[in-house]
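For the sequence shown, numbering that gives the first Met the number 0 assigns the number 0 to the initial residue and increments by one for each residue that follows.
This report concerns only the one structure given below.
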Amino acid sequence: MKFIITSILVFLATISLYAQSDKEFSKNVFSKEISFVRTDTAHGSQSTVIEYPTFLIVIELPMIDEGGGRSSNLAQDIPKAERFLNYLKKEYNDKPVKYVLSSHWHLHSLSGITPFFNQGATLIAAKTNWEYSVNNGLFDKTDTKAFEKQVIQVSKDTIILENTDFPISVLFLDESYTHKPTRDYLFFYMPKNKCIHASCMCAMNEIDFTQRPEFIYNDRVTDLEKAIKSRNLEVENLFKLTAEYDKDKNTYKLPAFNNSYFEEFKQRGTPMEAIVTGFASYDLNFIQSSKDSILCNLIAKKISAQIINATVYECIKQKAYNNAVHWAQILNLYQIGEVNFMDTMGEAYYNAGDFSIAQHISNQLAVLNPNFTNQFKVWEQNKLNEN
C-alpha cells in the first residue's frame with residue numbers, strides 16, 4: 000500500500016510539473032526547423048529552438064530576464080531551466096539538446112545553463128564571455144572545471160554541424176564592432192533558410208513609417224549591418240531576443256523581421272551616433288544661450304534621454320568638458336530625479352575640474368541610492384583610466 004501511495008504521489012507531481020511547464024512556456028513555429036519558445040510569462044524574452052532529426056539546438060537561455068544592468072553577482076534560475084528542459088522533452092519527443100548557443104554573458108542569454116550541462120549539452124560561447132560568467136558568479140561556488148570539456152570557446156568565425164542539412168555559422172564580433180553590449184559577441188547565421196540570429200543586437204522594433212516618418216535607431220543596428228555586409232551574407236530574416244507585445248491581439252509577435260523591413264528601417268531612420276555627434280558639435284556659447292530652447296526642442300521631438308546622456312560622454316571623450324556640464328544640466332532637467340543621470344552630471348563636473356559641485360552630487364547620490372556610496376572615487380578612477 001505504501002508503495003502504491005508513493006507511486007501515485009510521484010505521478011501527480013510529474014503531472015503537476017508538466018502542467019506548470021505548459022503554462023510557463025509557449026512556442027511559436029517560424030519554419031520547419033525553427034521555433035521560438037517564450038521563457039518568461041511577464042516579458043517577451045525568447046529561446047530559439049532548432050530541431051534536427053535526432054537532437055535540438057537552443058539559442059539563448061533567458062531564464063532570468065536581465066541585461067547589462069547586472070554585471071556582477073551573476074546567477075541562474077536552475078529550477079526554471081529544469082522545467083524548460085522538461086518542456087522541451089515533452090514538446091520534441093525526448094530529443095536531447097546537443098548545443099546551447101549563447102551570444103553574450105548577460106543573464107538574458109545564459110542564466111540557465113547548468114541543467115543543460117548535466118544532461119550532456121555543449122555550450123558555444125565567446126571565450127571572453129565564458130570567462131566573464133565564471134569569474135562573476137554565474138555558477139556561484141560550483142567548480143566549473145568539470146564543465147570546461149562541454150564548452151566550445153569561440154574567438155573567430157566558425158561553422159558547426161557542417162555535415163548536416165542545417166549547418167550554422169557562428170559569427171564572432173571583435174573589438175572593431177563598437178556598439179556591442181559586451182566586449183565580444185556572437186551572431187548565428189543559418190545559410191539554409193538565410194536567417195541570422197542577432198539577439199539584442201537586432202535592436203529594431205515594429206514601426207508604422209506613415210505615422211513616424213522620422214525616428215532614431217540604436218547603433219547596434221549599424222554593427223548588425225556591418226556583420227552582414229562584411230561577410231557577404233544573404234539574409235532574408237533577422238531574429239532578436241525579445242518579442243514585442245501586440246496589445247490589440249493580446250499576444251506576443253514573432254521576434255523576427257524580414258530583410259526588406261530591415262533595409263527600409265535603416266533608410267528611413269537616423270542612427271543614434273549621428274544625432275549624438277551632431278549634439279556634441281554644438282558651440283558652447285550656443286548651448287549656454289539657448290539651453291531652454293534646446294530643452295523644448297528635445298521635449299517636442301521626444302528624444303530619448305539616453306541620447307542626451309551619450310552626448311555628455313561624447314563631450315567628455317572629446318575633452319569638451321564645459322559642453323559636457325551644460326548637456327548634463329539639460330539632461331537632468333529633461334528627466335528629473337533619475338540617479339543614473341545625476342551620476343552623469345557629477346562625472347561631467349568632475350572632468351570640468353569643479354570638484355566641489357562633483358563632491359556635492361556624490362554626497363546626494365549616496366543619500367538617494369545605496370549603490371552610489373562614493374561616486375567621486377569612481378569618477379576619479381575613470382579619469383585615471385582615461386589617461
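Note that beta-carbon positions come from the ideal geometry of N, C-alpha and C, so glycine has one too.
Helix, strand or coil at residue i according to DSSP, with G and I counted as helix
i    : result
T143 : helix
F160 : The sequence shown places Leu at residue 160, rather than the Phe named in the question. Coil.
H107 : helix
F371 : coil
R37  : strand
T47  : strand
K301 : coil
K148 : helix
V366 : helix
S292 : helix
K97  : strand
T53  : coil
N236 : strand
L73  : coil
L122 : strand
K382 : helix
S102 : coil
L60  : strand
L132 : According to the sequence displayed, residue 132 carries Ser and not Leu. In this structure, S132 counts as helix in the three-state DSSP scheme.
N92  : coil
K155 : coil
Whole-angstrom distance between residue j and residue i, CA atom to CA atom
i    : j    : result
S20  : N85  : Annotation note: pLDDT 49 at S20 (below 50); position unreliable, no value reported.
K126 : E147 : 11 Å
D380 : K246 : Here residue 380 is Gln; the residue named in the question, Asp, does not match the sequence. Distance between the alpha carbons of Q380 and K246: 46 Å.
S361 : G136 : 28 Å
S110 : C295 : 42 Å
A124 : L106 : 13 Å
Y333 : Y176 : 30 Å
K316 : D342 : 16 Å
K1   : L122 : Confidence in K1 is poor, its pLDDT being 47 and thus under 50, which makes the residue's placement too unreliable to answer from.
L232 : C194 : 10 Å
Y349 : P180 : 26 Å
F261 : V133 : 35 Å
V377 : W104 : 24 Å
E346 : C314 : 12 Å
P166 : Y51  : 10 Å
R211 : Y131 : 40 Å
S71  : S288 : 42 Å
G152 : L55  : The amino acid occupying residue 152 in the given sequence is Gln; Gly does not appear at that position. Each residue's Cα considered, the two are about 20 Å apart.
H42  : D291 : 38 Å
K411 : A255 : Because residue 411 is not part of the residues shown, which for the chain are 0 to 386, the question remains open.
R37  : F24  : 6 Å
K88  : I33  : 16 Å
F29  : K301 : 35 Å
H164 : N192 : Before going further, note that residue 164 is Asp rather than His in the sequence given. Distance between the alpha carbons of D164 and N192: 11 Å.
T143 : D76  : 17 Å
S229 : E161 : 21 Å
E385 : D173 : 21 Å
I206 : P369 : 38 Å
G68  : F354 : 27 Å
N373 : T157 : 44 Å
K31  : I159 : 19 Å
Beta-carbon gap between residue i and residue j smaller than 8 Å
i    : j    : result
I306 : I356 : no
I286 : H325 : yes
T113 : A80  : yes
N204 : N236 : no
D222 : M200 : yes
L364 : N321 : no
H196 : I58  : yes
A309 : M271 : yes
A120 : V150 : no
S108 : L73  : no
A319 : V311 : no
V338 : L367 : yes
F138 : S154 : no
I293 : I329 : yes
M62  : F35  : no
F278 : A304 : no
S102 : S168 : no
F371 : Q358 : no
I227 : V234 : yes
Contact test: residue i Cβ vs the ligand MN heavy atom, cutoff 7 Å
i    : result
Q149 : As for the ligand MN, it is missing from this structure, which has no ligand bound.
Indicate whether the contact test is met: 3 or more Cβ pairs, each with one atom in the region 180-191 and one in the region 79-98, closer than 8 Å.
Here the region 180-191 makes no contact with the region 79-98; the two share fewer than three CB pairs at distances below 8 Å.
In chain order, which alpha helix (DSSP H) runs of at least 4 residues are fully inside the region 238-285?
Counting only runs of 4 or more, we get 258-267, 271-279.
Three CB pairs or more closer than 8 Å across the region 209-222 and the region 240-250
Flag = no, the region 209-222 and the region 240-250 do not touch.
Meets three-Cβ-pair contact criterion under 8 Å: the region 101-121 and the region 249-259:
Flag = no, the region 101-121 and the region 249-259 do not touch.
Three CB pairs or more closer than 8 Å across the region 46-54 and the region 263-270
Two segments are said to touch when three or more pairs of C-beta atoms, one from each, lie closer than 8 Å; by this definition the region 46-54 does not touch the region 263-270.
Unbroken alpha helix (DSSP H) runs of length 4 or more, entirely within the region 165-231: which are they?
Whole alpha helix (DSSP H) segments, 4+ residues: 219-229.
If we require 4 or more residues per run, which alpha helix (DSSP H) segments fall completely within the region 311-368?
For the region 311-368, whole alpha helix (DSSP H) runs of length 4 or above, ordered along the chain, are 320-333, 338-350, 354-367.
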